[in-house]
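Chemist: There's a structure below that I have some questions on.
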Amino acid sequence: MAKDELTLLRELRADAPAPDRAALAEGRQRLTEAAGRRRRLRGTGGSPRWRPPRRWP
Numbered sequence: 489m490a491k492d493e494l495t496l497l498r499e500l501r502a503d504a505p506a507p508d509r510a511a512l513a514e515g516r517q518r519l520t521e522a523a524g525r526r527r528r529l530r531g532t533g534g535s536p537r538w539r540p541p542r543r544w545p
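Residue numbers (the numbering used here): 489 to 545.
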């Protein structure tokens, strides 16, 4: 019987150490803050003034 990709991946990573959650938390926090700043800077993402769509000939 053929093995699926997830089973192969689990076997490959069986001896890999578990990630250190405390070490990952700092980077996760920085990414979350950066994403929040970017969202605020972009605003709604639209143009400053709403215009109706152009009509095609």
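Note that the Cβ used here is the ideal one computed from N, Cα and C, for glycine as well.
Quantities reported herein were computed from a predicted structural model and do not represent experimental measurements.
#1: Does DSSP classify R501 as helix, strand or coil?
#2: Just verifying my parser: in three-state terms, what is the DSSP assignment at R633?
#3: D508 to W538, Cα distance in whole Å?
Modeler: Concretely, from the data shown:
#1: coil
#2: Examination of residue 633 is not possible in this model, given that the chain is present from 489 through 545 alone.
#3: Computed Cα separation, rounded: 48 Å.
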